[in-house]
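Trainee: Numbering (this note's numbering), first residue to last: 968 to 1292. Cβ atoms here follow ideal geometry from the backbone N, Cα and C, with glycine treated the same way. Every value quoted in this text rests on a predicted model; they were computed, and no experiment measured them.
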Amino acid sequence: MSDSAAAQPAVSSPRLAALVVLRTDVGLVRSENQDFAAFTTPREERGSHPGGRLLIVADGMGGHRGGATASRLATEVVKRQYLESDTTDPAAALRDALTRANARIHSEAQSNADLRGMGTTTSALVLKDHKAWFGHVGDSRIYRVREDAIEQMTEDHSLVASMVREGLLTPKEAENHPRRNVLQRSMGVAEEVEIDVRGPFDLQVGDVFILCSDGLHGVVKEDEIKEHAGLPLDEAADRYVKLALERGAPDNVTVLVARIVRADEIGDETLVDSPYDETVRDEDKSQKTTAKIPAIQEPPNGAAGFSPPDDAAPRKPGFLKRLFS
Ligand code: CA
968 MSDSAAAQPA VSSPRLAALV VLRTDVGLVR SENQDFAAFT TPREERGSHP
1018 GGRLLIVADG MGGHRGGATA SRLATEVVKR QYLESDTTDP AAALRDALTR
1068 ANARIHSEAQ SNADLRGMGT TTSALVLKDH KAWFGHVGDS RIYRVREDAI
1118 EQMTEDHSLV ASMVREGLLT PKEAENHPRR NVLQRSMGVA EEVEIDVRGP
1168 FDLQVGDVFI LCSDGLHGVV KEDEIKEHAG LPLDEAADRY VKLALERGAP
1218 DNVTVLVARI VRADEIGDET LVDSPYDETV RDEDKSQKTT AKIPAIQEPP
1268 NGAAGFSPPD DAAPRKPGFL KRLFS
């Protein structure tokens, strides 16, 4: 990323907010959704030291129950650790959260024969004030669309990606390579893992962030992701999933889409907009989760101005139950 050393926002910079939508779909081939994703809500963020909005996607792998367990644990532990972190530094909080999630998945795998060898990708993005940070392991991706450009912020920790970097494969060859699913780093497989933590990157009004598992980016290309990023968030997320389904969706498809907006452009009436709108596409085979919750950052002076209702984002049990099972 080229903007990591961006100037501090001017004193008069508008407060920013992030609107977030999440979709996950089992796809057309797999019988189980081993992806898991989540984001924090204003109510949860209020008491946390690092603060900001946290978005997480995890793509589990391994075993009978292992993949789904690993991605769920990664998401839950990263989220909880982040919110309960005693540092105000999002980068440090992210690193600590992913480190603990890795250890937790590994220890669960060691103590349960059913789960042995399980692992997961984890990509977690923090949007706070006028900055973004991420923590990342694996081949899920975080893209940023700004104006007419899309940039993959994360680096894939996959065999084919490293072969591309070494000039052994072209990007085109990598797309269809038989070993394209082989990861060089994943969470939970070993006692320790090397975690990419990057940031801060500056945020601009209109930036769109897309977090996705390889079930999306394996079949929907960057240009197409960019092309639809300007749609209303619900429509963009639906379009991404639809494109993957139209292409056979050989893998679970999960996407989070977040747009940076001016906080003062969001009326109070949108503070809670049916936080989770779950629909089932086909006999329990998909989950659809929608939230439009402004991630309004508290003003620097701590003044009031954002007071989410206590029921800002109740998670519908159906969604959790489905992914927990
Ligand atoms: Ca996958």
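According to DSSP, R1119 sits in a beta bridge with which residue or residues?
Mentor: As a working note, residue 1119 is residue 152 in the sequence shown. Per the sequence shown, residue 1119 should be read as Gln rather than Arg. Y1110, per the DSSP bridge assignment.
Trainee: Going by beta carbon distance, what residues of the same chain come within less than 6 angstroms of Y1049, once the five residues before and after it are set aside?
Mentor: Counting from 1 along the sequence shown, the entry for residue 1049 is found at position 82. L1021, A1060, A1064, listed in sequence order.
Trainee: Could you have a look at S1078 and say whether DSSP puts it in helix, strand or coil?
Mentor: To locate residue 1078, count along the sequence shown from 1; it is residue 111. Helix at S1078.
Trainee: Would you mind working out which of G1173, R1226, N1143, G1215 sits nearest R997, comparing C-alpha positions?
Mentor: Along the sequence shown, read from residue 1 onward, the residue named residue 997 stands at position 30. Answer by Cα proximity: G1215.
Trainee: Going by the CB atoms, is the gap between D1056 and S1180 shorter than 8 angstroms?
Mentor: Translated into the one-based positions of the sequence shown, residue 1180 becomes position 213. Translated into the one-based positions of the sequence shown, residue 1056 becomes position 89. Contact: no.
Trainee: Taking the runs of the alpha helix (DSSP H) that are 4 residues or longer, which of them lie wholly in the stretch 1000-1032?
Mentor: 1009-1013, all fully within the stretch 1000-1032.
Trainee: What's the gap between the Cα of L986 and the Cα of K1095?
Mentor: Numbered from 1 along the sequence shown, position 19 holds the residue referred to as residue 986. Numbered from 1 along the sequence shown, position 128 holds the residue referred to as residue 1095. For L986 and K1095, the distance between alpha carbons rounds to 13 angstroms.
Trainee: A1225 lies in the alpha helix (DSSP H); which residues open and close that run?
Mentor: Counting from one through the sequence shown, the residue named residue 1225 turns up at place 258. It is not in any alpha helix (DSSP H) - A1225 instead sits in the beta strand (DSSP E) that spans 1220-1229.
Trainee: Comparing C-alpha positions only, which one of G1030, V1224, L1092 sits nearest to T1042?
Mentor: By one-based count along the sequence shown, residue 1042 stands at place 75. Residue L1092 is the option with its Cα nearest to T1042.
Trainee: Rounded to whole angstroms, what is the Cα-Cα separation between T1007 and K1046?
Mentor: The residue given as residue 1007 occupies position 40 in the sequence shown. The residue given as residue 1046 occupies position 79 in the sequence shown. For T1007 and K1046, the distance between alpha carbons rounds to 7 angstroms.
Trainee: Is any heavy atom of ligand 1 found at a distance shorter than 7 angstroms from the C-beta of S1180?
Mentor: The residue labelled residue 1180 in the question sits at position 213 within the sequence shown. True, at least one ligand heavy atom lies under 7 angstroms from that Cβ.
Trainee: Of the residues P1138, A1025, L1178, R1108, which one's Cα is nearest the Cα of T1089?
Mentor: Here residue 1089 refers to the residue found at position 122 of the sequence shown. Ranking P1138, A1025, L1178, R1108 by Cα distance to T1089 puts A1025 first.
Trainee: Report whether the distance from the Cβ of D1063 to the nearest heavy atom of ligand 1 is below 7 angstroms.
Mentor: Here the question's residue 1063 lines up with position 96 in the sequence shown. No, the Cβ of D1063 stays beyond 7 angstroms of every heavy atom of ligand 1.
Trainee: Pick helix, strand or coil for P1057, following the three-state DSSP scheme.
Mentor: Here residue 1057 corresponds to residue number 90 of the sequence shown, with the count starting at 1. Helix at P1057.
Trainee: Would you please state the rounded distance, in angstroms, between the beta carbons of A1160 and V1104? I believe it to be under 8 angstroms.
Mentor: As a first step, residue 1160 must be located in the sequence shown, where it is residue number 193. As a first step, residue 1104 must be located in the sequence shown, where it is residue number 137. Note on residue identity: the sequence assigns Val, not Ala, to residue 1160. Right, their Cβ atoms sit about 6 angstroms apart.
Trainee: Inspect the beta-carbon positions of W1100 and A1058 and report whether they are closer than 8 angstroms.
Mentor: By one-based count along the sequence shown, residue 1100 stands at place 133. By one-based count along the sequence shown, residue 1058 stands at place 91. Yes.
Trainee: Within the same chain, show all residues whose beta-carbon is closer than 6 angstroms to that of V988, passing over the 5 residues directly before and after it, in chain order.
Mentor: In the sequence shown, the residue the question calls residue 988 occupies position 21. Around V988: L1200, D1201, A1204, V1224, T1257.
Trainee: Mind checking whether M1130 and A1116 have CB atoms under 8 angstroms apart?
Mentor: What you label residue 1130 is simply residue 163 of the sequence shown in a count that begins at 1. What you label residue 1116 is simply residue 149 of the sequence shown in a count that begins at 1. Cβ atoms of M1130 and A1116: not closer than 8 angstroms.
Trainee: Please work out which residues of its chain come closer than 7 angstroms, Cβ to Cβ, to L1198, disregarding the five sequence neighbours upstream and downstream, and give them in chain order.
Mentor: As a position in the sequence shown, residue 1198 is number 231, starting the count at 1. Counting only Cβ-Cβ distances below 7 angstroms, and skipping sequence neighbours, we find R1206.
Trainee: Are the beta-carbon atoms of R990 and V1156 separated by less than 8 angstroms?
Mentor: As a position in the sequence shown, residue 990 is number 23, starting the count at 1. As a position in the sequence shown, residue 1156 is number 189, starting the count at 1. For R990 and V1156, no; Cβs fall outside 8 angstroms.
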